[in-house]
Every structure is written in C-alpha cells, then in structure tokens.
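*Asks:* Under the numbering used here, think of the first position of the sequence shown as 15, with each following residue one higher. For glycine and all other residues, C-beta sits at the position ideal for the given N, C-alpha and C. Could you have a look at this structure, given as structure tokens, before my questions?
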Amino acid sequence: MKKNFTHGIDVILIILTLLLPCSFRDSGNNLKAQETGSFTDQRDGKIYKTVKIGNQWLMAENFAFKPDHGKYWAYGNDAGNVAIYGYLYDWETAKNIAPNGWHLPSKEEWKNFRKALGSRMDIGFTMSKVYDQMVSGGSSGFNALFGGAYIIANNEFRGIGKVAYFWSSSETSDGPTNYFVDGESGTAFLTNYADSRGGKSVRLFKD
Numbered sequence: 015m016k017k018n019f020t021h022g023i024d025v026i027l028i029i030l031t032l033l034l035p036c037s038f039r040d041s042g043n044n045l046k047a048q049e050t051g052s053f054t055d056q057r058d059g060k061i062y063k064t065v066k067i068g069n070q071w072l073m074a075e076n077f078a079f080k081p082d083h084g085k086y087w088a089y090g091n092d093a094g095n096v097a098i099y100g101y102l103y104d105w106e107t108a109k110n111i112a113p114n115g116w117h118l119p120s121k122e123e124w125k126n127f128r129k130a131l132g133s134r135m136d137i138g139f140t141m142s143k144v145y146d147q148m149v150s151g152g153s154s155g156f157n158a159l160f161g162g163a164y165i166i167a168n169n170e171f172r173g174i175g176k177v178a179y180f181w182s183s184s185e186t187s188d189g190p191t192n193y194f195v196d197g198e199s200g201t202a203f204l205t206n207y208a209d210s211r212g213g214k215s216v217r218l219f220k221d
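Printed below as a string of structure tokens:
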C-alpha cells in the first residue's frame, strides 16, 4: 500500500511539472554568439570586445573609463583590478559616462538580453543552463566578470570573484534596477533594491 501511495505521488509530481507554465520555466537554449567585434573609446583609446546577442550589440567587458567628474572606484582601491573588472560607478555617473553611440541599458533591454539567452521568466532566477552561457567562457560571449560592488553605507568592497552587479538606467520606488549574477549559486536576476550611491559594474549597449 505504501509503495502504491509513493508511486501515486511521483505521478502527480510529473504531471505538475509538465503543466508548469512556460513563463516559470527556462528553455535552456544554448545560444551561440552571432557576431563579435570591438569598439575603441576615442576618449582614452581603450579597446573593448563586443558581442551581438539576439538583435543587440553590447560590450563583452566591464567598462573602465576614468571620468573627470562623478564617483567611481577601483575595487579595494587597487588599480590593478581595473584591467580585469573595470571601475565600479555610482548610478548617476553610470548613466552619463557612455561614449557616443552607446548607452546604459534599461531594465527592458536587460530582460530582452535574458530572453535571447533562452530565459522565459519575467522575474526571478534563471536556470543554470542560461547562467552558464553568461559567465566567462560561456557560449553567448557575454563573459560576465565578477567585479563585486562598493557598499557605500559600510564603506567597504564586497564580492570580487564571486558576484557581479550591472547597472540599468531604470529606476523604481525602491531604487535603481540592476542585473545581479551570483557566481556561487549559479543564478542571475534583476533586482530593484540598490543604493544609487554605491558602486557597481557597467556594461554598455549600442544605440
């Protein structure tokens, strides 16, 4: 009797899984980067790798321009980190730092980026197959770099090599939206709970 009951539970779980709406599942498409290229920021001569994901060109490296105005930090105040992870910018600086022809992406553009990687979720976590495409060496060419963040409330840097935060230009009543990639749990999601004064990484999208 117990065996039959357990079997029945297994059948129910399988049925529920099959009926789960697509909006809460991830297609897990193994997207290949359509095209790659490069862009030279004429202000300082730095060359950035670029990649086309879906219909959007974007930078495949963290932005590393050193502005004359605004707030920005090298992680741990160590200039050696900039070559790999770029600078961490506060939100106001991030919105106004792009060279001609590029811009800080909106929340909707980040959503479209995620959908191009195969995710069908509007909010919440992506599955591991999509996450695997985002990280360094992943098939999409996005090459997520875990540059950590500067937490201004505590005056401390956190998370280098473990997490990445990428600003968006969008804002809600809870704060600016940013795209969070967690290297320890293998997840990525949009979050609105960000202190605009703190430092996060920037990936620019082409106009």
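#1: Can you round the beta-carbon distance between Gly212 and Ile166 to whole angstroms, since I take them to be within the 8 Å contact cut?
#2: Return helix, strand or coil for Ile166, following the three-state DSSP convention.
#3: DSSP on Phe127, reduced to helix/strand/coil?
#4: Comparing C-alpha positions only, which one of Lys109, Leu118, Trp116 and Ser153 sits nearest to Ala253?
#5: When the Cα atoms are used, what is the spatial distance from Arg217 to Asn169?
#6: Counting only runs of 3+ residues fully inside the region 48 to 93, write out the beta strand (DSSP E) ranges in chain order.
#7: Name, in chain order, the residues that DSSP records as bridge partners for Asn192.
#8: Where does Arg128 land, buried or exposed, given buried means 16+ other C-beta within 10 angstroms?
#9: Can you tell which of Asn91, Ser184, Ile111 and Gly151 has the C-alpha that lies nearest to the C-alpha of Ala163?
#10: With which residues is Ser215 paired in a DSSP beta bridge?
#11: With DSSP as the reference, label Tyr103 as helix, strand or coil.
#12: Compare the Cα-Cα distances from Ser184 to each of Arg172, Ile61, Tyr207 and Glu75 and report the closest residue.
*Replies:* Based on what the coordinates show:
#1: Counting from one through the sequence shown, the residue named residue 212 turns up at place 198. Counting from one through the sequence shown, the residue named residue 166 turns up at place 152. At roughly 5 Å, the Cβ-Cβ gap stays under 8 Å, so Gly212 and Ile166 are in contact.
#2: As a first step, residue 166 is located in the sequence shown; it is residue number 152 there, counting from the start. Of the three classes helix, strand and coil, the one that applies to Ile166 here is coil, per DSSP.
#3: By one-based count along the sequence shown, residue 127 stands at place 113. Correct three-state label for Phe127: helix.
#4: For residue 253 there is no data in the structure shown, the boundaries of the chain being 15 and 221.
#5: If you number the sequence shown from 1, residue 217 lands on position 203. If you number the sequence shown from 1, residue 169 lands on position 155. Using only the alpha carbons, I get a separation of about 24 Å.
#6: 49 to 54, 61 to 67 and 70 to 73
#7: Residue numbering aside, residue 192 sits at position 178 when the sequence shown is read from its first letter. Note: Asn192 sits in a beta bridge opposite Trp181 and Thr205.
#8: To locate residue 128, count along the sequence shown from 1; it is residue 114. Buried.
#9: Here residue 163 refers to the residue found at position 149 when the sequence shown is read from its first residue. Answer by Cα proximity: Asn91.
#10: The residue given as residue 215 occupies position 201 in the sequence shown. Beta-bridge pairing links Ser215 to Phe180.
#11: Residue 103 sits at position 89 when you count from the first residue of the sequence shown. Look at Tyr103 here: in three-state DSSP terms it is strand.
#12: Working through the sequence shown from its first residue, we reach residue 184 at position 170. Of Arg172, Ile61, Tyr207 and Glu75, the residue nearest in Cα terms is Tyr207.
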